[in-house]
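Residue numbers (UniProt numbering), protein chains in the order written: chain W, 1 to 230; chain X, 1 to 230.
One structure is given here, and the rest of the page talks about it.
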DNA sequence: ACCAGAGTTATTGTATACAAACTTGTTGAC
DNA sequence: GTCAACAAGTTTGTATACAATAACTCTGGT
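Laid out in structure tokens, this is it:
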């Protein structure tokens, strides 16, 4: 089945916003982007609507659409919700998870361990995502799974940096083990608590997150309008 | 600030879908709706994009947009997530709630009680929504609050019928009291458990929910097209 | 020099025109 | 009679044209 042009455009723009190519407050110029994607304004505007619902951009009538990157407060709130959503997954999964899934989680953890040994941060990141994906799936709640995946994708660029913290990989591994152990016992409360602690922004993670927020704000003065696109 | 036509159109369509005017599988005809709203197809298509992100409709390329009402499974999943989200609110609110908010919750519960006495289901429903809104707010997490409000609105048409269950109002009241009591003690776990039980679909609520699902399928033959708009 | 206001320019919102592709109906062969 | 293939007719997707409004500029006044 062929996809619409506006679909791929929405995805591309979403990626550009998530990875920080567009900074907070940048105006998305219709004609400029239309030229860039080699389409008319129509599919672009359709893509904008979708981004607006996802809160990635804000549409101000007769003014244009503006990128809305989460500020420090919003970001902490999102991480907090992520932690609670994953805790819900763990709670539900504790009584629903299959033996096969438990095996797979242990296998993933094994590969995580191997990546830690070799200092392969990217490899660890991949397996870590897989670990969480299994957890979402094992909540046996497709709606919850979808919500988790979406929020995870949105937080991914911020989450990623935290892995470079010294000793973070090993600690993260240990937390994974705790989650699996609780799930194995069918201990819903313990599983929820373990994954919540794993995801929550606390300790050094907080400082790293805050400092990463100031990164995209350099290279431009406080000016809101007239952004220089690449 | 003046709003766009496509904004109000999206809201109107959302309302029509949520209240069941459009049944599952109905195709939203662009030209037909354009005539009805007295606009061109352009703003309609922009509205469609927004509905698609909210999973209210499904866009099948080159085929059209189709209403997607949640089936039994999806509905139970959504209620389960609602329960978990509210549990998260309660957990966070337990240590964040203000004395003023606690007072307000007690006041709302008082009005709920009065409504029960007079068998005023509508009044109870209003105050009940207010109760939950306060809880969301007291999570002190705007992102979470927003997610809760959105899901609540989506589930509202289904939730409403459950109040007509015999003895449901009194039981619901008691559950509210339990939540407030736990919050007052600052007992996060108890507050989460209480609100989860309050929201969860269980016992007789399950049967009522399932039977209400067959309701929207009457009043129309298997015909897919030509829905009668107000 | 600075502010006010009208006119100009630029940009968004909407309508219409055109192109592509899916549906459907008909015809013909087996 | 059934199935396949082709053609007509819809319907969606995209481009372009037009309208409305906000931003900007330039001029004139104090």
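We put the CB at the ideal spot given by N, CA and C, even for glycine.
Mind checking whether residue 107 of chain X and residue 47 of chain X have CB atoms under 7 Å apart?
Translated into positions along the second chain, residue 107 of chain X becomes position 107. Translated into positions along the second chain, residue 47 of chain X becomes position 47. No, these two residues do not count as a Cβ contact at 7 Å.
Would residue 141 of chain W pass as a contact of residue 175 of chain X if the rule is Cβ separation under 7 Å?
Looking up residue 141 of chain W in the first chain gives position 141. Looking up residue 175 of chain X in the second chain gives position 175. Contact flag unset, no.
Does residue 222 of chain X have its Cβ less than 7 Å from a Cβ in chain W?
Numbered from its first residue, the second chain carries residue 222 of chain X at position 222. For residue 222 of chain X, the predicted structure reports a pLDDT of 35, less than 50, and the residue's modelled location is therefore unreliable. A value from the coordinates is still provided. At a cut-off of 7 Å between beta carbons, residue 222 of chain X makes no contact with chain W.
Verify whether the separation of the beta carbon atoms of residue 67 of chain X and residue 53 of chain X is less than 7 Å.
Within the second chain, residue 67 of chain X is the residue found at index 67, counting from 1. Within the second chain, residue 53 of chain X is the residue found at index 53, counting from 1. Taking 7 Å as the Cβ cut-off, residue 67 of chain X and residue 53 of chain X do not qualify as a contacting pair.
Status (buried if at least 16 other CB within 10 Å, exposed otherwise) for residue 222 of chain X:
Along the second chain, one-based indexing puts residue 222 of chain X at 222. For residue 222 of chain X, the predicted model reports a pLDDT of 35, less than 50, meaning its position is unreliable; a value from the coordinates is still stated below. With fewer than 16 other Cβ atoms within 10 Å, it is exposed.
What first and last residue would you give for the alpha helix (DSSP H) that runs through residue 31 of chain X?
In the second chain, residue 31 of chain X corresponds to position 31, counting from 1. It spans 30 to 37 - the alpha helix (DSSP H) in which residue 31 of chain X sits, taken as one unbroken run.
If we require 4 or more residues per run, which alpha helix (DSSP H) segments fall completely within the segment 124 to 164 of chain W?
The segment 124 to 164 of chain W contains these whole alpha helix (DSSP H) runs: 142 to 162.
Are the beta-carbon atoms of residue 97 of chain W and residue 138 of chain W separated by less than 7 Å?
Reading the first chain from its first residue, position 97 is the one you call residue 97 of chain W. Reading the first chain from its first residue, position 138 is the one you call residue 138 of chain W. The answer is yes: Cβ separation under 7 Å.
So for residue 63 of chain X, helix, strand or coil by DSSP?
Along the second chain, read from residue 1 onward, the residue named residue 63 of chain X stands at position 63. In the structure shown, residue 63 of chain X sits in coil (DSSP, three-state: anything other than H, G, I, E or B).
Starting from residue 49 of chain X and walking both ways along the alpha helix (DSSP H), at which residues does that stretch end?
For the purposes of this step, residue 49 of chain X is taken as the residue at position 49 of the second chain. Taken as a continuous stretch (DSSP letters only), the alpha helix (DSSP H) holding residue 49 of chain X covers 41 to 53.
Quick check on this structure: which residue in W/202, W/109 and W/164 has the alpha carbon closest to the alpha carbon of residue 181 of chain W?
Looking up residue 181 of chain W in the first chain gives position 181. Nearest in C-alpha terms to residue 181 of chain W, of all of W/202, W/109 and W/164, is W/109.
Quick one, are the C-beta atoms of residue 155 of chain X and residue 82 of chain X less than 7 Å apart?
Position 155 of the second chain, counted from the first residue, corresponds to residue 155 of chain X. Position 82 of the second chain, counted from the first residue, corresponds to residue 82 of chain X. Against a cut-off of 7 Å, the Cβ pair of residue 82 of chain X and residue 155 of chain X comes out as a contact.
Would you say residue 64 of chain X and residue 27 of chain X are within 7 Å of each other, going by their C-beta atoms?
Start at 1 with the first residue of the second chain, and residue 64 of chain X comes out as number 64. Start at 1 with the first residue of the second chain, and residue 27 of chain X comes out as number 27. Cβ distance < 7 Å, so residue 64 of chain X and residue 27 of chain X count as in contact.
Would you say residue 225 of chain X lies against chain W (beta-carbon separation less than 7 Å)?
One-based indexing of the second chain puts residue 225 of chain X at position 225. Caution is warranted here: a pLDDT of 35 is assigned to residue 225 of chain X, below 50, making its placement in the model unreliable, and no coordinate value can be reported.
How is the alpha helix (DSSP H) around residue 17 of chain X delimited, first residue to last?
As a position in the second chain, residue 17 of chain X is number 17, starting the count at 1. Residue 17 of chain X -> alpha helix (DSSP H) spans 5 to 18.
Simplified DSSP assignment, three categories, for residue 213 of chain X:
As a first step, residue 213 of chain X must be located in the second chain, where it is residue number 213. Residue 213 of chain X carries a helical assignment under DSSP once its states are collapsed to helix, strand and coil.
Using a C-beta to C-beta distance shorter than 9 Å, which residues of chain X count as neighbours of residue 191 of chain W?
Looking up residue 191 of chain W in the first chain gives position 191. Going along chain X, no residue has its Cβ under 9 Å from residue 191 of chain W, so there is no contact; the nearest lies around 14 Å.
Skipping 5 residues on each side, what residues in its chain have a beta carbon closer than 8 Å to that of residue 78 of chain W?
What you label residue 78 of chain W is simply residue 78 of the first chain in a count that begins at 1. Taking C-beta separations shorter than 8 Å and ignoring five residues to either side along the sequence, the partners of residue 78 of chain W in its chain run 70, 151, 154 and 155, following chain order.
Contact between the segment 82 to 94 of chain X and the segment 187 to 207 of chain X: three or more CB pairs below 8 Å?
Contact holds: three or more Cβ-Cβ distances are below 8 Å.
Per DSSP, residue 106 of chain X is paired with what?
The count along the second chain starts at 1 and reaches residue 106 of chain X at position 106. Its beta-bridge partners do not exist; DSSP assigns none.
Secondary structure of residue 81 of chain W, DSSP reduced to three states:
Against the first chain, residue 81 of chain W aligns to sequence position 81. Of the three classes helix, strand and coil, the one that applies to residue 81 of chain W here is helix, per DSSP.
Pairwise C-alpha distance: residue 157 of chain X and residue 74 of chain X
Position 74 of the second chain, counting from 1, holds the residue named residue 74 of chain X. Position 157 of the second chain, counting from 1, holds the residue named residue 157 of chain X. About 15 Å.
What does the Cβ neighbour count give for residue 214 of chain X, buried or exposed, with the cut at 16 atoms within 10 Å?
Walking along the second chain from the start, residue 214 of chain X turns up at place 214. Exposed.
Mind checking which residues open and close the alpha helix (DSSP H) that includes residue 183 of chain X?
The sequence position of residue 183 of chain X within the second chain is 183, counting from 1. Annotation for residue 183 of chain X: the continuous alpha helix (DSSP H) segment containing it runs 168 to 185.
If distances are taken between C-alpha atoms only, which option among X/184, X/33, X/179 and X/166 comes closest to residue 203 of chain X?
The residue given as residue 203 of chain X occupies position 203 in the second chain. Among X/184, X/33, X/179 and X/166, the Cα nearest to that of residue 203 of chain X belongs to X/166.
Kindly indicate which three-state DSSP category residue 73 of chain W falls into: helix, strand or coil?
Taking the first residue of the first chain as position 1, residue 73 of chain W is located at position 73. Secondary structure at residue 73 of chain W: helix, using DSSP grouped into helix, strand and coil.
Would you mind telling me which residues of chain X sit closer than 8 Å to residue 144 of chain W, beta carbon to beta carbon, in chain order?
Residue numbering aside, residue 144 of chain W sits at position 144 when the first chain is read from its first letter. Under the 8 Å cutoff, chain X gives 77, 80, 81 and 84.
Can you look up residue 118 of chain X in the DSSP assignment and give me helix, strand or coil?
Residue numbering aside, residue 118 of chain X sits at position 118 when the second chain is read from its first letter. Under the three-state reduction of DSSP, residue 118 of chain X is assigned to coil, being neither helix nor strand.
Please report whether the beta-carbon of residue 53 of chain X lies at a distance below 7 Å from any beta-carbon of chain W.
Taking the first residue of the second chain as 1, we reach residue 53 of chain X at position 53. Yes - at least one Cβ of chain W is within 7 Å of the one on residue 53 of chain X.
State the Cα-Cα distance for the pair residue 135 of chain X and residue 147 of chain W, rounded to the nearest angstrom.
As a first step, residue 135 of chain X must be located in the second chain, where it is residue number 135. As a first step, residue 147 of chain W must be located in the first chain, where it is residue number 147. Taking the straight line from one Cα to the other gives about 21 Å.
Bridge-paired residues (DSSP) for residue 58 of chain W:
As a first step, residue 58 of chain W is located in the first chain; it is residue number 58 there, counting from the start. Beta-bridge analysis with DSSP links residue 58 of chain W to W/66.
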